[in-house]
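I have placed the structure first, in the form of structure tokens, so that the comments after it can refer back to it.
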Amino acid sequence: MHLTIRLLYFSTFLLAMMQFSSCSISKHLKEGQLLYRETKINFQPDSTINKSTKLRNELLLLSRPQPNIGLNKAKAWVYVRIGETKEKGLKNWIKRIFGAPPALYDESIIQRSRLVLGKHMLDNGYFHSELDMDTTMRRKHVSLTYNIHTKGQYHLKQIEWPQDTSPVNQLLSNYYQPSILQPGQPYQLNNINAERSRLTNIANNNGFYDFSIGNFFVIVDTTAGPLLTNLFLRIKNPTDSTLHQPHYYGPIRVLPDYDINQETEQIPDTIKTEHLTIYQHKRIIRPKVLFRMIRMEEGGLYSRQKQDMTIQHLLDLGVFKFVNIRYQQRDIPKGVELTPYIILTPGLMRDVTAEFQVNNRNGSYLGLAAAASFTHRNLFKGAEQFQINLSGGIETGLRDSTSQGFINSIDLNLQMDLYIPRLITPFRITNKPKYYIPRTRINLGNSFQRRTELYNINSTNASFGYDWKENKRKRHQLNPLSVNLVNLYGETDKFLDLLAENPRLQISFQDNFIAGLTYTYTYNNQNSSTDKQFLYFRLDLESAGNAISLLQPASNGEKNQKILNVAYAQFARMAIDLRQYWALRGEQNIATRFVGGLGLPYGNSIFLPYVKQFISGGANSIRAFRLREVGPGSYNGEDGLAQSIDRTGDIKLEANLEYRFGIFSYLKGAVFLDAGNVWLLDRPEETRKEGIFHFDKFLNEIAIGTGFGFRLDFNFFVLRLDGAFALRNPNLPPADRWTFGSINPLKRDWRRDNLVWQLAIGYPF
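The opening position of the sequence shown corresponds to residue 17 in the working numbering, with each subsequent residue numbered one higher.
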């Protein structure tokens with residue numbers, strides 16, 4: 017109740033300040049300056065406008081300057097109230113982050129705006145429109161009204177296509193229908209340009225190398241009837257009065273080791289194959305690989321699409337940093353021959369990287385980690401990419417009462433990947449990829465973890481699969497063969513006692529042979545790294561044990577059957593990660609994420625293997641809780657030892673909301689809200705009854721946290737520090753889970769007991 021009253025007071029105060037700020041801004045204006053207050057659009061008569069509200073909003077967005085209204089008014093007040101500042105300092109920072117220059121009345125800007133609005137009316141078919149302006153001044157405030165007089169929007173009556181007998185028109189006449197332009201549509205310049213672009217692409221992909229959108233022009237006849245117009249599309253031929261001629265590819269010539277800084281006059285070696293002529297000083301890549309990447313064919317019609325696919329394929333190999341195609345032309349009886357010279361500049365073949373990390377984990381630990389990787393992008397001269405990743409870390413106890421030594425855990429990981437730029441399959445695939453190269457991936461790795469008080473666990477994994485892009489936005493990763501052997505040893509008496517009390521942990525931690533299939537689908541419509549508004553979606557599917565179970569003799573329902581003297585796991589698992597990013601003004605943006613997961617053991621397994629269970633909390637999850645400090649369900653934990661390993665689940669739901677903004681230079685800030693938990697499936701063998709998922713009460717078990725963060729963002733490296741506290745804690749009794757009443761950031765004891773700091777590398781999502 018007190019919180020609601022405070023929010024009401026704050027909202028009232030904010031509205032009053034926004035209203036008051038307009039008067040305050042005018043007091044700080046210089047002599048002759050006028051504050052621009054409002055823009056209005058009046059259509060006369062309004063009944064002649066099709067979708068007048070939509071058109072009015074479009075015109076208001078195009079008009080300049082934008083008036084000082086809403087939040088802009090408050091920002092303008094901050095800007096003028098602070099006034100002149102030094103280049104650096106607190107006042108300058110406040111002015112840049114929370115302020116914005118006020119919109120002032122400027123006659124030259126208004127006149128340019130009038131021309132822009134008139135053109136927008138014309139481009140949307142409101143021909144013969146007239147636009148005049150009324151200006152209203154009150155004290156130092158100016159409002160402007162645009163009065164637009166129009167008879168209405170013109171519609172298309174008839175479209176007449178080119179009728180000449182030129183080679184390009186003979187081609188395009190087969191594609192004039194279906195068209196973007198159709199009789200009865202309102203006249204819109206955007207549709208006309210879209211049709212010109214469509215036809216130009218058809219010409220470019222069917223031999224007409226020099227044809228451009230400028231070779232199409234349109235004649236508009238507005239005398240076809242009341243508010244009707246006829247369109248006449250025509251083709252403009254070259255200035256020398258010749259006709260556009262089809263172009264054919266000549267012999268394909270490749271320079272695979274071109275160096276722009278090369279000064280040597282050494283004559284390159286020439287290699288002639290059935291399809292290519294290669295000029296090189298040293299062997300960079302096998303000719304067979306180049307042929308697979310090049311989509312152009314000698315004697316075939318020129319195609320802009322095939323040219324672009326060739327460039328994309330060669331860049332996608334990862335061997336070349338620059339790809340250029342130059343053409344040499346000559347006339348031939350049937351048109352023009354284009355001899356392509358494909359000029360390739362090799363990139364760095366070998367690369368070594370290393371990084372060092374410091375982070376806190378599980379609240380009472382200081383983590384130190386180091387990682388190194390080696391990459392060879394052309395291992396066998398066929399653009400095979402080989403990667404070795406080695407990482408290791410230790411965690412030391414800071415204030416954990418259960419710790420008996422300085423080092424609590426040791427992690428060592430080794431992963432090796434080989435990517436081959438083609439699909440290796442037992443059957444032949446004839447369809448060639450359009451823009452992206454499919455790859456075969458072979459992986460081999462090993463992970464070792466030692467928990468000094470608990471156990472040693474070793475996991476060896478291997479997989480064989482495929483990685484390909486359907487298009488720029490969609491990626492598929494399929495591993496038809498994925499094997500993981502998990503071996504637990506060196507258990508301490510304390511750990512064995514814990515397993516004896518918890519059948520779930522006992523079964524989850526047994527040695528497991530995990531063999532099955534994995535599939536990942538990724539959708540990302542981000543156009544570039546600078547694009548801050550995009551959608552990201554990832555789906556992970558995994559099944560294990562099904563093929564092995566078919567080869568096993570009938571078990572009559574018996575669990576834990578073994579292969580190679582190790583019990584094999586049988587389960588299905590799904591996880592989704594959905595993110596939406598919105599770009600705001602300047603460096604401000606909003607990031608949202610939803611994570612969901614479900615693991616279902618069956619057949620030979622009672623529970624999911626421990627390494628396949630879901631966890632919550634930590635630097636990339638619900639930041640108000642430390643790693644494995646949430647769930648399952650309303651389970652409130654026991655001692656520190658049990659809590660560190662027994663807070664996993666078969667189901668996961670999580671949502672995150674983060675507002676990000678720039679502070680200065682490389683320092684960024686964020687305010688965030690996280691929510692979620694993990695749960696267990698309801699099964700007779702389950703002993704953690706308070707952790708079981710129930711539709712009628714899972715919402716009451718959602719953990720919620722909020723906080724703020726700072727990021728040192730150097731583009732290639734991000735160091736992040738987040739401070740968070742719980743708004744809702746499902747570990748507490750139901751009546752005490754909401755913590756609003758106890759929040760007091762000014763109190764030292766509250767900060768010590770409730771504020772959780774998360775230090776990490778990179779953004780959380």
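Using N, Cα and C, we set each Cβ at its ideal position, and we do this for glycine too.
_For serine 145 and isoleucine 235, what's the separation of their Cα atoms in angstroms?_
19 angstroms
_Best match in Thr166, Ser79, Leu138, Leu120 for proximity to arginine 128 [C-alpha to C-alpha]_ = Ser79
*Run of the alpha helix (DSSP H) containing phenylalanine 511, from where it starts to where it stops*: 509-517
*arginine 320 beta carbon less than 7 angstroms from that of asparagine 220*: yes
*Opposite arginine 554 in the DSSP bridges: which residues?*
Thr538, Asp593
*Determine contact between the segment 524-543 and the segment 579-587, defined as no fewer than three beta-carbon pairs at a distance below 8 angstroms.*
yes
*Would you mind sorting threonine 20 into buried or exposed? The rule is 16 or more other CB atoms within 10 Å of its CB.*
With a pLDDT of 41 at threonine 20, under the threshold of 50, the modelled position of this residue cannot be trusted, and the question is left open.
*Are the segment 684-696 and the segment 716-731 touching, with three or more C-beta to C-beta distances below 8 angstroms?*
yes
*asked:* Among Gln465, Ile473, Gln323, Phe480, whose alpha-carbon lies nearest the alpha-carbon of asparagine 459?
replied: Phe480
*Going by alpha carbons, who is nearest to isoleucine 276 out of Asp765, Met325, Ala635, Ile359?*
Ile359
*Nearest CA to the CA of asparagine 209: which residue from Pro202, Leu187, Phe232, Pro199?*
Phe232
*Consult DSSP for threonine 69 and reduce its assignment to one of helix, strand or coil.*
helix
_Validate contact between the segment 156-167 and the segment 48-59 using beta carbons, cut 8 angstroms, 3 pairs_ = yes
_Cβ contact check for the segment 179-188 and the segment 304-316: 3 or more pairs under 8 angstroms_ = no
*Under 8 angstroms by Cβ, that's how I've got glycine 602 and aspartate 666 pegged, so tell me the actual separation to the nearest angstrom.*
Actually they do not touch by this definition, with Cβ atoms about 43 angstroms apart.
_Which same chain residues end up closer than 6 angstroms to phenylalanine 709 when comparing Cβ atoms and leaving out the 5 residues on each side of it in sequence?_
Ile667, Trp695
*Return the bridge partner residues of tyrosine 265 from the DSSP annotation.*
Leu354
*Since glycine 409 sits in a beta bridge, which residues does DSSP pair it with?*
Ala385, Asp427
_Let's see if you can read the secondary structure: which residues bound the beta strand (DSSP E) around threonine 151?_
146-154
*Does the beta-carbon of glycine 757 have 16 or more other beta-carbons within 10 angstroms, so that it is buried, or is it exposed?*
exposed
_Distance check for leucine 106 and phenylalanine 680, CA to CA, integer angstroms please._
11 angstroms
*Kindly indicate the opening and closing residues of the beta strand (DSSP E) around lysine 337.*
336-348
*arginine 467 burial status per 10 Å Cβ neighbour count (16 or more: buried)*: buried
*Measure the C-alpha to C-alpha separation of glutamate 701 and isoleucine 523 and round it to an integer number of angstroms.*
11 angstroms
_Report the CB separation of leucine 169 from proline 199 in whole angstroms; it is logged as a contact under 8 angstroms._
Looking at the sequence shown, residue 169 is not leucine but glutamine. About 15 angstroms; that fails the 8 angstroms criterion.
*Can you tell me which of Asn163, Lys167, Gln193 puts its alpha carbon nearest to the alpha carbon of glutamate 176?*
Gln193
*asked:* Three Cβ pairs or more, each shorter than 8 angstroms: is that satisfied between the segment 542-549 and the segment 628-645?
replied: no
*Which residues share a DSSP beta bridge with arginine 491?*
Lys485, Thr538
*Roughly how many whole angstroms lie between the Cα atoms of isoleucine 13 and threonine 216?*
A query on residue 13 cannot be resolved here, the shown segment of the chain reaching from 17 to 781 and no further.
*What are the boundary residues of the beta strand (DSSP E) that serine 213 is part of?*
Where serine 213 is concerned, there is no enclosing beta strand (DSSP E), although the alpha helix (DSSP H) it sits in stretches over 205-220.
*Would you call the CB atoms of threonine 238 and phenylalanine 336 closer than 7 angstroms?*
no
*Would a C-beta distance cut-off of 7 angstroms place leucine 470 and phenylalanine 511 closer than the cut-off?*
yes
*For arginine 346, which residues from the same chain have a beta carbon less than 6 angstroms from its beta carbon, with the 5 sequence-adjacent residues on both sides left out?*
Glu353
_Bounding residues of the alpha helix (DSSP H) (the contiguous stretch that carries phenylalanine 307)_ = 303-309
*Which listed residue (Asn495, Ile440, Ile436, Val502) has its alpha carbon closest to that of asparagine 462*: Val502
*By Cβ distance, which residues of its chain are closer than 8 angstroms to asparagine 163, with the 5 residues on each side in sequence left out?*
Asn58, Gln60, Leu147, Asp148, Met149, Asp150
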